[in-house]
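K.L.:
With the working numbering as the guide, the letters of the sequence shown map in order to residues 11 to 350. What follows is a structure written as structure tokens; I'll ask about it next.
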Amino acid sequence: MSSATTAVTTNGGRASGFPDEAADAEQAGTSDPASRVTPGRVRIDRYGLDLGPWLHLAEERARLARPSFRHIDVTPQGATVGAEVGGVDLRSDLADEVTAEIRRALLDYKVLVFRGQPITPAQHVAFARRFGELEIHPFITGNSEHPELVRFEKGVDTGGFENGWHHDVTWREVPSMGAILHAIQVPATGGDTLFSDMGAAYDGLGDDVKERIDGLFAVHDFMLAFKHQVPEGKLEEFRARYPQARHPVVCIHPETGRKLIFVNCYFTSHIDKMDESEGVDLIRHLAGQASVVEYQFRVRWEPDTVVFWDNRSVQHYAASDYYPDVRIMERASIVGTRPA
11 MSSATTAVTT
21 NGGRASGFPD
31 EAADAEQAGT
41 SDPASRVTPG
51 RVRIDRYGLD
61 LGPWLHLAEE
71 RARLARPSFR
81 HIDVTPQGAT
91 VGAEVGGVDL
101 RSDLADEVTA
111 EIRRALLDYK
121 VLVFRGQPIT
131 PAQHVAFARR
141 FGELEIHPFI
151 TGNSEHPELV
161 RFEKGVDTGG
171 FENGWHHDVT
181 WREVPSMGAI
191 LHAIQVPATG
201 GDTLFSDMGA
211 AYDGLGDDVK
221 ERIDGLFAVH
231 DFMLAFKHQV
241 PEGKLEEFRA
251 RYPQARHPVV
261 CIHPETGRKL
271 IFVNCYFTSH
281 IDKMDESEGV
291 DLIRHLAGQA
301 SVVEYQFRVR
311 WEPDTVVFWD
321 NRSVQHYAAS
331 DYYPDVRIME
341 RASIVGTRPA
């Protein structure tokens, strides 16, 4: 085996018993072992770069490629995450069977995109309430008429600072189940939102990493991202109101039973009962799985696009590449359950 490359398994672990890469490379007409086509994967050791197909996605991808819904039209987008949903008007009083299918589609596809939905704030709130109680965010300004709606109004004076992978409000004892975001005004280019499947990310970990993180807990703290938004002189009050939250590093989805990575670099402070430096390295590694492109789905916004995502299953990243253009969105967040 070449010193420059190492065979790795489909989930990222080092493989054993692989055929000789040099021979395979010669058959392929190249002297570079890293270019070998194989059902497994290879690593360019110098850069820690893994190449090749993520075979652990295949089963879920095949299942999601065959949507079966009677009341909504579902078009899959990413390999294991993301679908466009048609045949529904979110301004209307949805029938129970339609709501049930939207919920089922959310569990399957984790991110649902509804195009051409000119909903009012009241209709936005009404649609979100079909799926549970709504949160009121303590740090981000809401819509003055509907405090359940967080308003993100970006432009020359207020840039976008959501351009890092994160779950929403994991610093709460009970984080959001999901969120519904309505695009009111969007830039001509840029301002996309990316989502990454944390179930696929967990499945892609090596067995040694899975064993290491089993049973670990992480501490989440609003101070990492929101300290600058606390009013002057109110820090102790907010700390008392929102103490650090302790959640499993690997959560079990309460409705699907899927194992999910549940740490992020916005709100996860440290790993409980672990050396700080070691814990930071582990958080960085686990949260970094969101950057694997094969786990992602990208939403390109248009006015009156509505996106509903499962906050337990995905992390998201709002690209901040549109300054000084204006981007206005409103979000309703649905109360979840305590992670377990």
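Ideal Cβ positions, reconstructed from N, Cα and C, are used throughout, including at glycine.
Below 8 Å on the Cβ atoms is my contact criterion, and I expect Ala89 with Ala115 to pass it. Report the Cβ-Cβ distance as a whole number of Å.
P.N.:
With 8 Å as the limit, Ala89 and Ala115 do not qualify as a contact, their Cβ atoms being about 16 Å apart.
K.L.:
Rounded C-beta distance between Leu159 and Pro131? I'm assuming under 8 Å.
P.N.:
Correct: roughly 6 Å between the Cβ atoms.
K.L.:
How would you write the range of the beta strand (DSSP E) that Ile112 sits in, first residue to last?
P.N.:
Careful: Ile112 lies outside any beta strand (DSSP E), inside the alpha helix (DSSP H) at Asp106 to Tyr119.
K.L.:
Check for me: the beta strand (DSSP E) holding Leu204 runs from which residue to which?
P.N.:
First-last of the beta strand (DSSP E) with Leu204: Thr203 to Asp207.
K.L.:
For Ile146 and Ile344, what's the separation of their Cα atoms in angstroms?
P.N.:
Ile146 and Ile344: Cα-Cα distance of roughly 9 Å.
K.L.:
What does Phe79 pair with, by DSSP beta-bridge criteria?
P.N.:
In DSSP, Phe79 forms no bridge with anything.
K.L.:
In the DSSP assignment, find the unbroken beta strand (DSSP E) run with Leu65 in it and report its ends.
P.N.:
Counting along the chain, Leu65 falls outside any beta strand (DSSP E), and DSSP gives it neither H nor E.
K.L.:
Can you tell me which of Ala68, Arg308 and Val108 puts its alpha carbon nearest to the alpha carbon of Arg80?
P.N.:
Among Ala68, Arg308 and Val108, the Cα nearest to that of Arg80 is on Val108.
K.L.:
Kindly list the residues whose CB is nearer than 6 Å to the CB of Pro157, restricted to its own chain and excluding five residues on each side of it in sequence; keep chain order.
P.N.:
The residues are Ile146.
K.L.:
Using the Cα positions of Glu111 and Lys244, report the straight-line distance between them to the nearest angstrom.
P.N.:
The alpha-carbon atoms of Glu111 and Lys244 are separated by roughly 44 Å.
K.L.:
Would you tell me roughly how many angstroms separate the C-alpha atoms of Lys120 and Leu204, rounded to the nearest one?
P.N.:
If I take the Cα positions, the gap works out to 12 Å.
K.L.:
For Gln254 and Asp231, which I take to be in contact (beta-carbon distance under 8 Å), what is that distance rounded to the nearest angstrom?
P.N.:
At roughly 5 Å, the Cβ-Cβ gap stays under 8 Å, so Gln254 and Asp231 are in contact.
K.L.:
Kindly say whether Asp178, judged by its beta-carbon, lies nearer than 9 Å to any beta-carbon of chain B.
P.N.:
The chain labelled as chain B is not found in the depicted structure, where only one protein chain is given.
K.L.:
Which same chain residues end up closer than 6 Å to Arg341 when comparing Cβ atoms and leaving out the 5 residues on each side of it in sequence?
P.N.:
Cβ neighbours of Arg341 beyond the five flanking positions: Val160, Ala189 and Leu191.
K.L.:
Locate the beta strand (DSSP E) running through Ile146, then write down its first and last residues.
P.N.:
That residue, Ile146, is in no beta strand (DSSP E); it is neither H nor E in DSSP.
K.L.:
Can you tell me where the beta strand (DSSP E) with Leu215 in it begins and where it stops?
P.N.:
First-last for Leu215: undefined, no H or E at that position.
K.L.:
Between which residues of its own chain and His280 is the CB-CB distance below 8 Å, once the five residues before and five after are set aside?
P.N.:
Contacts found: Ala228, Val229, Glu286, Gly289, Val290 and Ile293.
K.L.:
Which stretch, first to last residue, makes up the alpha helix (DSSP H) that contains Ser343?
P.N.:
No alpha helix (DSSP H) holds Ser343; the beta strand (DSSP E) holding it covers Arg337 to Val345.
K.L.:
Taking 8 Å as the threshold, find out whether the region 137-151 comes into contact with the region 170-177 through three or more Cβ pairs.
P.N.:
Touching, no.
K.L.:
Nearest CA to the CA of Asp106: which residue from Phe141, Ala75, Leu74 and Lys220?
P.N.:
Of the listed residues, the one whose Cα sits closest to Asp106 is Phe141.
K.L.:
For Val47, count neighbouring Cβ atoms within 10 angstroms of its own Cβ and tell me buried if that reaches 16, exposed if not.
P.N.:
Unreliable placement is indicated for Val47, whose pLDDT of 39 sits below 50; the coordinate value is still reported in the next sentence. Result: exposed.
K.L.:
Less than 9 Å between the beta carbons of Arg256 and Ile262, yes or no?
P.N.:
It is not a contact, given that the beta carbons lie outside the stated cut-off.
K.L.:
Based on the DSSP output, what are the partners of Gln306 in its beta bridges?
P.N.:
Gln306 is bridged to Ser206.
K.L.:
Taking the alpha carbon of Arg101 as the reference point, which residue from Gln133, Ala75, Phe124 and Ile82 has its own alpha carbon closest?
P.N.:
Residue Gln133 is the option with its Cα nearest to Arg101.
K.L.:
Going by CA-CA distance only, name the one from Gly50, Val273, Pro258 and Arg222 that's closest to Ala297.
P.N.:
Closest option to Ala297, Cα to Cα, is Val273.
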